[in-house]
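Colleague: Take this structure first; my questions come after.
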Amino acid sequence: MKVMKFGGTSVGSPERIREVCSIITASGEPTFVVLSAMSGTTNSLVEIADYLYKKNPEGANEVINHLEKKYDKVVDELYSTDKTKRDIKEFLGKEFVFLRSFTKELFTSFEEKTIVAQGEIMSTTMVEAYLQEQGIKAILLPALDFMRTDKNSEPNLHEITGLLSKIMEENTGYQIYLTQGFICRNAYGEIDNLQRGGSDYTASLIGAAINSEEVQIWTDIDGLHNNDPRVVEKTEAVRQLHFEEAAELAYFGAKILHPTCIQPAKYANIPVRLKYTMDPNAEGTIINGIKTQGKIKAIAAKDNITAIKIKSSRMLFAAGFLRKVFEIFESYHTPIDMIATSEVSVSMSIEDKSHLADILSELKKYGTVTTESEMSIVCVVGDLDWNNTGFVAKVTAALKDIPVRMISYGGSNYNVSFLIKQSDKKEALQSLSTALFYS
Ligand code: ADP
Ligand code: ASP
Ligand code: MG
35 MKVMKFGGTS VGSPERIREV CSIITASGEP TFVVLSAMSG TTNSLVEIAD
85 YLYKKNPEGA NEVINHLEKK YDKVVDELYS TDKTKRDIKE FLGKEFVFLR
135 SFTKELFTSF EEKTIVAQGE IMSTTMVEAY LQEQGIKAIL LPALDFMRTD
185 KNSEPNLHEI TGLLSKIMEE NTGYQIYLTQ GFICRNAYGE IDNLQRGGSD
235 YTASLIGAAI NSEEVQIWTD IDGLHNNDPR VVEKTEAVRQ LHFEEAAELA
285 YFGAKILHPT CIQPAKYANI PVRLKYTMDP NAEGTIINGI KTQGKIKAIA
335 AKDNITAIKI KSSRMLFAAG FLRKVFEIFE SYHTPIDMIA TSEVSVSMSI
385 EDKSHLADIL SELKKYGTVT TESEMSIVCV VGDLDWNNTG FVAKVTAALK
435 DIPVRMISYG GSNYNVSFLI KQSDKKEALQ SLSTALFYS
């Protein structure tokens, strides 16, 4: 069975929903479909939660009213029978009463997660009703019944596989199995999520759990491009990527894929195909285990990075120094992206700044600490095996006019990364693009 995931824009309007339904039913084969919330909905739900944290129920109600009007219009345009219109209006009515009920409650992250989960619950219920109205044998399998994370907030693939296999055995004979992307239950049974953009991750986890033949990620662009199309003028789709290349690009900022969504597919060796919803015949990008010798494939970047340097004369010959430094980051659950060491100092970069003040005060016990914020990691990805000569010279030559704070290579044979000022990112991406792909 194939898994097909459609993002927010792909289900963002009645026309798009109709188009998605024709794509998923075209083969006539049983298909597992993962849907995001309609575009803009999760942002609105996050906005509602922000108002409620700030004890501003009027602000929250205004966003809820706006959202309700938008959905009302979609229902009027999408369905052809009065019965389905009535049923879905009743369902959505209850959803909006539910959202309004939070404006009277004590507000914590538990309520926030329940609120942001409603976008996917609404989109999937609406699509299930549309498919049934069209006479398609479709069933909605609630993600909250089988998507599970563990105590470290990591997906628990073993538990997901067990729960989903049982659900699939109990529900044979359908053409379309629908579920919500993004949402899950945590180790304590509470509603949680796989972070923003997490529907891609849901699709890949389901692919691994049901041993799918292929996971397809359908979105609003024709495959993964060789550079960030939001920043660089001329970009084009890369037709094939190795799992490791795609994983590096996703982790280092290629927004088309959730940062960790390639991992489950890679371990289960399931190809991931990126497809363009607005042009289903376009080739897209295939991600699999095939390596292209010596080829640089793409460039990605991620912003809001902080560089931290700790300088300590005590580091000299001190075997346990790095362990002590890393333990501080570990105790605050803060991943380190890049590392560079010298005789008396070590520089690291982090993205999650939520515990920065605590981390810095603990690091100061071991030496002099300096930081730089508003930095970007720029990452060049391809077959960069260290025996392939020339690529480092090419990449660094392209960055000759840009101040570089850190360089990282050798962690994998698939990426070389540079830490630069965020304000230099556009120029760096443009100039790498010209040097590596268009000269
Ligand atoms: P969805 O809502 O379908 O999950 P996303 O907005 O998360 O879609 O991802 C698709 C977007 O990712 C594209 O519209 C594009 O602007 C952006 N993007 C960033 N980097 C890349 C890249 N290297 N290749 C393709 N798209 C990219
Ligand atoms: N709806 C969620 C978000 O906007 C998840 C997703 O679309 O992947 O982040
Ligand atoms: Mg996305």
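Counting in the working numbering, the sequence shown runs from 35 upward without gaps. Where is the CB? At the ideal position from N, CA and C, for every residue including glycine.
Would you please state the rounded distance, in angstroms, between the beta carbons of isoleucine 240 and valine 37? I believe it to be under 8 angstroms.
Modeller: Their Cβ separation, rounded to whole angstroms, is 5 angstroms, which keeps isoleucine 240 and valine 37 in contact under 8 angstroms.
Colleague: Just to confirm the assignment, what range does the beta strand (DSSP E) spanning methionine 440 have?
Modeller: From DSSP, the beta strand (DSSP E) with methionine 440 extends over 438 to 443.
Colleague: How big is the Cα-Cα spacing for lysine 428 and serine 442?
Modeller: The alpha-carbon atoms of lysine 428 and serine 442 are separated by roughly 15 angstroms.
Colleague: If you check the beta carbons only, do threonine 405 and leucine 418 fall under 9 angstroms apart?
Modeller: Not closer than 9 angstroms, so no.
Colleague: Tell me, to the nearest whole angstrom, how far the beta carbon of arginine 182 is from that of glutamate 193; I am working on the premise that it is less than 8 angstroms.
Modeller: Right, their Cβ atoms sit about 5 angstroms apart.
Colleague: If you follow the alpha helix (DSSP H) that glutamate 406 is in, where does it begin and where does it stop?
Modeller: Not the alpha helix (DSSP H): glutamate 406 falls in the beta strand (DSSP E), residues 402 to 416.
Colleague: Please check the pair threonine 43 and aspartate 234, which I expect to be a contact at CB under 8 angstroms, by giving their CB distance rounded to whole angstroms.
Modeller: Wrong, their Cβ atoms sit about 14 angstroms apart, outside the cutoff.
Colleague: Any heavy atom of the ligand ADP closer than 8 angstroms to the beta-carbon of glycine 41?
Modeller: Yes.
Colleague: From alanine 431 to glutamate 282, what distance separates their C-alpha atoms?
Modeller: One C-alpha to the other measures close to 22 angstroms.
Colleague: Give every residue of the same chain whose Cβ lies closer than 6 angstroms to the Cβ of glycine 74, excluding the five residues on either side of it in the sequence, and list them in chain order.
Modeller: Closer than 6 angstroms at the Cβ level, and outside the excluded window around glycine 74, lies no residue.
Colleague: Please report the straight-line C-alpha distance between glutamine 214 and serine 199, rounded to a whole angstrom.
Modeller: Taking the straight line from one Cα to the other gives about 17 angstroms.
Colleague: Who are the near neighbours of aspartate 458 in its chain, counting only those whose CB is closer than 8 angstroms to its CB and skipping five residues on each side?
Modeller: Hits under 8 angstroms: Ser410, Ile436 and Pro437.
Colleague: According to DSSP, simplified to helix, strand and coil, what is glutamine 297?
Modeller: In this structure, glutamine 297 counts as helix in the three-state DSSP scheme.
Colleague: For proline 293, count neighbouring Cβ atoms within 10 angstroms of its own Cβ and tell me buried if that reaches 16, exposed if not.
Modeller: Burial call: buried.
Colleague: Confirm the yes/no value for this check: CB of arginine 230, any heavy atom of the ligand ASP, distance under 8 angstroms.
Modeller: Flag set: Cβ of arginine 230 near the ligand ASP.
Colleague: Check whether the Cβ of threonine 294 lies closer than 8 angstroms to any heavy atom of the ligand ADP, and answer yes or no.
Modeller: No, the Cβ of threonine 294 stays beyond 8 angstroms of every heavy atom of the ligand ADP.
Colleague: By DSSP, does alanine 71 sit in helix, in strand, or in coil?
Modeller: Here alanine 71 sits in coil by DSSP.
Colleague: Counting C-beta neighbours from all protein chains within 10 Å, is the total for serine 388 16 or more, i.e. buried, or is it exposed?
Modeller: With fewer than 16 other Cβ atoms within 10 Å, it is exposed.
Colleague: Bridge partners of methionine 160, per DSSP?
Modeller: None, per the DSSP bridge assignment.
Colleague: For phenylalanine 363, I'd like the list of residues in its chain whose CB is within less than 8 angstroms of its CB, leaving aside the five on either flank, ordered along the chain.
Modeller: These residues qualify, in order along the chain: Pro369, Ile370, Met382, Ile384 and Ile393.
Colleague: Give me the DSSP bridge partner(s) of threonine 340.
Modeller: In the DSSP output, where bridge partners are listed per residue, threonine 340 has Ile384.
Colleague: Do you know offhand how far glycine 231's Cα is from phenylalanine 216's?
Modeller: About 7 angstroms.
Colleague: Tell me which residues share the same chain as proline 91 and place their Cβ nearer than 6 angstroms to its Cβ, disregarding the 5 neighbours each side in the sequence.
Modeller: Excluding positions up to five away in sequence, the list reads Thr137.
Colleague: Taking the alpha-carbon of valine 54 as reference, which of Gly416, Ala334, Thr311 and Ala469 has the nearest alpha-carbon?
Modeller: It is Thr311.
Colleague: In chain order, which continuous runs of the beta strand (DSSP E) of length 3 or greater are located wholly inside the stretch 187 to 270?
Modeller: If we require 3 residues or more, the beta strand (DSSP E) runs fully inside the stretch 187 to 270 come out as 210 to 214, 217 to 219, 225 to 227 and 248 to 253.
Colleague: Could you check whether the Cβ of histidine 276 sits closer than 8 angstroms to any heavy atom belonging to the ligand ADP?
Modeller: Result no, Cβ not under 8 angstroms from the ligand ADP.
Colleague: Quick check on the DSSP output: the beta strand (DSSP E) that includes tyrosine 113 runs from which residue to which?
Modeller: Tyrosine 113 -> no beta strand (DSSP E), and no H or E assigned at all.
Colleague: Check each candidate in Leu69, Met202 and Glu81 and name the one with the smallest Cα separation from methionine 474.
Modeller: Residue 474 cannot be examined here, being either before or after the span of the chain that is shown, 35 to 473.
Colleague: Is alanine 332 closer than 9 angstroms to valine 415 when the C-beta atoms are compared?
Modeller: Yes, Cβ-Cβ distance for valine 415 and alanine 332 is below 9 angstroms.
Colleague: Examine the ligand ASP and report whether any of its heavy atoms sits within less than 8 angstroms of the Cβ of aspartate 234.
Modeller: For the ligand ASP, at least one heavy atom lies less than 8 angstroms from the Cβ of aspartate 234.
Colleague: Answer yes or no: the CB of alanine 151 versus the heavy atoms of the ligand ADP, is any distance below 8 angstroms?
Modeller: No.
Colleague: Rounded to whole angstroms, what's the CA-CA distance from proline 298 to aspartate 116? Just pull it up for me.
Modeller: For proline 298 and aspartate 116, the distance between alpha carbons rounds to 42 angstroms.
Colleague: The ligand ASP and serine 70: does the residue's C-beta get closer than 8 angstroms to at least one heavy atom of that ligand?
Modeller: Indeed, a heavy atom of the ligand ASP lies less than 8 angstroms from the Cβ.
Colleague: Which one or two residues does DSSP pair with serine 451 in a beta bridge?
Modeller: DSSP output for serine 451 lists Cys413 and Ser442 as bridge partner(s).
Colleague: Roughly how many angstroms lie between the CA atoms of isoleucine 290 and leucine 258, to the nearest whole one?
Modeller: Each residue's Cα considered, the two are about 7 angstroms apart.
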